[in-house]
Amino acid sequence: MKYFPLICHTHYSLLKGLNKPTDIAKRIKSLRLDGCAMTDFSTLAGAVDFIKEFKSEGLKPILGCKIPLETEYGLAFVTVLAKNTEGWKTLVRLSSESNNPENYCKQPKLPLEKFKEIADSNIFVIDGHIDSPLSCAVFDHDFSESSAPYDSESYEEAKAYVHPEWVSRCNSIISHYCDAVTEENVLLSVQLQDESNRPCQRLLAEGMRYLSKKTSCKPIATNDSRYATQQDCDDHRVLLCNLMRTTLPEVKSKMSNISSARKNLHKHFFRSCKYHIPSYEEMLDIHTEEELSNTMLVSSQCGDYDILRAPILPEFSCPDNQTPDDYLRSLCRVGWKEKIEGKVGSEKQSIYVDRINSELDVLQSSGLSSYFLIVADIIAQIRANGWLPGPGRGSAAGCLVSYLIGITSIDPIQYGLIFERFYNAGRNTADRVSMPDIDMDVPVSKRDEIIDYIKSKYGEEKVAQMITFQTMMGRSAMKDVLRTYGDVSFEEMNSITENIPDKADIADDLQEMQDSTGQSSIIRWALENRADKLREWCYIDENNNLQGKMAKRFEQAIRLEGTKRTQSKHAAGVIISPQPLNEICPMILDQTTKNMVAGMEMQDMEDIGMIKFDVLGVAMLDKIMGVQSILAKGDIHD
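When we follow this note's numbering, the leftmost residue of the sequence shown carries the number 33, and every step to the right adds one.
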């Protein structure tokens with residue numbers, strides 16, 4: 033017999049979930065289960081990574097999310113699973129709407145009425161676990177003040193918080209769900225993995241089992257999985273200490289004080305190691321066969337998700353009904369007359385002719401004309417405003433097409449720059465065209481105006497910036513671990529970490545490590561290459577194992593490398609989509625600008641077919657423009 037894990041948090045639940053999709057897939061395979069659902073808190077950012085990893089391992093991925101739902105009984109998380117591609121689109125709309133500035137209040141929030149407007153029969157709704165809308169209906173308690181029922185030390189204490197009309201309150205919420213998604217898609221969560229540590233779990237489970245008998249909603253076994261295996265719980269606690277900005281000794285001290293312990297919303301994770309992905313046998317010990325078989329029923333009704341596709345370029349609107357290919361060639365001819373004809377000796381003209389024909393053949397056979405036209409149009413708009421764009425950055429300066437149409441200001445042939453370093457058709461596959469990467473350097477003071485121009489041209493709903501994640505890596509991972517234990521001085525911590533290099537400084541070595549071992553670690557590199565400087569704390573023995581007084585801390589930091597830690601807005605990337613972005617990817621609120629941004633990282637956006645354009649603000653361009661302005665005014669004194 034099997035079951036299907038339906039509530040699992042990845043490291044995209046920043047500092048609340050531990051594992052990467054690769055770790056989760058490994059655990060699922062070891063348990064001989066069919067797959068797993070991903071249900072991160074208020075984010076769908078990990079969907080692409082999750083799908084790719086699970087499919088590569090022959091496992092079934094189910095995409096889900098914990099949506100922060102506001103009902104009359106409070107704000108809590110309802111678990112939503114997408115049944116198919118249409119369900120994924122519904123999930124995207126729900127997630128995006130929770131980030132709408134009208135709803136957002138310190139955190140994403142979705143009013144129940146909005147949920148009902150968007151939800152449909154392509155999703156499953158799972159409610160009844162701790163900190164869910166139904167749990168708010170069960171307990172007569174304001175969770176904005178404290179989490180007393182959840183922290184109750186006994187079953188009787190938790191029971192004292194139960195609202196006398198909890199059944200009718202729960203039925204009210206369930207009826208809203210049934211109206212929105214149909215009753216067969218509403219499931220009541222029975223969650224018991226930590227009932228000995230959290231008595232309220234048993235109380236809620238009993239309540240959901242009772243409601244399932246009084247309604248048409250099926251009971252379903254769930255598990256609040258924050259990490260893959262029980263052995264991972266110590267690493268998870270490091271994340272929580274960083275989330276709470278505390279240390280393990282401080283947590284231990286507060287846990288011994290009852291009043292302080294009650295204020296610790298995460299205390300159960302420090303008391304128990306049961307928030308892993310359990311085996312079927314573990315689940316059978318605490319659940320009925322019906323509850324377990326219902327997880328397989330859900331899995332059987334969830335199909336494939338058609339969200340991964342080759343990049344789709346937005347069509348550039350060309351004058352005189354020209355095709356993008358024809359218009360790009362006509363711009364090249366104009367540039368030829370301005371920059372080559374009469375300026376390059378006749379003996380070199382054939383070199384330019386061969387080069388431009390070769391480049392156009394490669395670029396247009398790859399369907400990239402619109403890409404170059406879009407970039408050229410943005411640069412032209414910058415110049416039209418009297419602003420100064422950059423002359424060309426990196427390998428993009430090796431493209432003659434870019435020079436002729438005004439994207440760059442550097443003649444690549446004059447300086448011996450190679451086109452193939454910029455773009456090589458050999459990178460393309462039968463089902464995917466590799467996109468060029470042209471960085472547009474713009475005055476930092478004008479960047480927002482340039483992005484506004486892009487939005488006005490292609491449609492505000494089709495243009496957005498995107499997120500990026502900062503990870504625990506190298507020096508930062510080591511410091512996060514050392515701070516957690518609270519027994520290493522600031523000076524000693526710096527003495528250790530000063531010998532751990534930045535990722536950029538050893539990028540080639542890390543790639544070699546990845547290619548040869550399947551994984552890379554900055555800390556491991558430091559132990560191998562700066563052994564004498566780190567031996568006081570940790571070293572690698574003849575059996576390739578870590579030894580020394582801090583070996584366990586180093587091992588833990590190595591395990592945590594690559595774990596996502598914080599989220600921010602990408603410094604340069606701008607997405608231009610051929611259709612409204614909120615129909616394709618989740619949108620989130622940038623709290624600084626109050627603008628909606630794409631809620632996935634660069635590579636994931638490309639994997640769902642979106643094209644990224646880099647618009648980099650460069651302060652030096654502002655300074656040069658300032659000098660030009662002074663010179664133009666003649667405002668110079670000896």
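Even glycine gets a Cβ: it sits at the ideal position worked out from N, Cα and C. Given the structure is predicted, the values throughout are model-derived calculations rather than measurements.
Contacts around residue i, its chain only, beta-carbon distance under 7 angstroms, and the 5 residues preceding and following it disregarded
i    : result
A429 : T440, I442, P444, L449
R556 : I590
R507 : T529, I532
N229 : H300, R303, S304
Burial state of residue i, where buried means 16 or more other Cβ atoms lie within 10 Å
i    : result
M315 : buried
K141 : buried
L275 : exposed
Q354 : exposed
H41  : buried
M652 : exposed
P423 : exposed
V659 : exposed
D352 : exposed
A558 : buried
D537 : exposed
N577 : exposed
I383 : exposed
R365 : exposed
C97  : buried
Minimum C-alpha distance to residue i - residue among the options
i    : options                : result
P677 : V218, C273, H268, P181 : In the structure as shown, the chain starts at 33 and stops at 670, and residue 677 therefore has no counterpart that could be examined.
V270 : E615, A536, A509       : A509
K478 : I388, S390, R415, C364 : R415
S325 : L38, Q635, K58         : L38
S527 : W569, Q551, I499       : W569
F501 : R562, L101, K601       : K601
I150 : K138, G160, K121, I162 : K121
Three-way DSSP call (helix, strand, coil) for residue i in this model
i    : result
A151 : coil
F348 : coil
C617 : coil
M642 : coil
N132 : coil
C630 : Reading off the sequence shown, one finds Ala at residue 630, where the question assumed Cys. Three-state DSSP puts A630 in a strand.
M70  : strand
K369 : helix
T122 : helix
S167 : helix
Q588 : helix
I499 : strand
I437 : coil
P678 : Residue 678 is absent from the model: the chain starts at 33 and stops at 670.
S221 : strand
Y571 : strand
A260 : coil
G491 : coil
Straight-line gap, residue i to residue j (C-alpha atoms, nearest Å)
i    : j    : result
M70  : D256 : 11 angstroms
M619 : P475 : 27 angstroms
I252 : V520 : 46 angstroms
T461 : Y44  : 30 angstroms
Y307 : Y259 : 6 angstroms
R341 : I482 : 29 angstroms
L235 : D267 : 30 angstroms
I486 : Q497 : 11 angstroms
S609 : S128 : 17 angstroms
R241 : H319 : 11 angstroms
E238 : L224 : 10 angstroms
G438 : D409 : 9 angstroms
E134 : Q623 : 13 angstroms
L514 : L123 : 39 angstroms
S332 : R361 : 52 angstroms
F171 : L46  : 28 angstroms
K371 : L436 : 7 angstroms
E13  : I411 : Since the first and last residues shown for the chain are 33 and 670, residue 13 lies out of range.
Cut-off 8 angstroms between Cβ atoms - residues of its own chain near residue i, not counting five sequence neighbours on either side
i    : result
K148 : H208, D211, A212
A293 : Here the model assigns A293 a pLDDT of 48, short of 50, so the residue's position is not dependable, and the following value carries that caveat. Here the set comprises D183, K286, M287, K299.
C273 : T279, L280, V283, R515, T516
Neighbourhood of residue i by C-beta distance below 6 angstroms, restricted to the same chain and skipping five residues each side
i    : result
D636 : V80
T75  : Y44
V394 : A457
S62  : none
R277 : none
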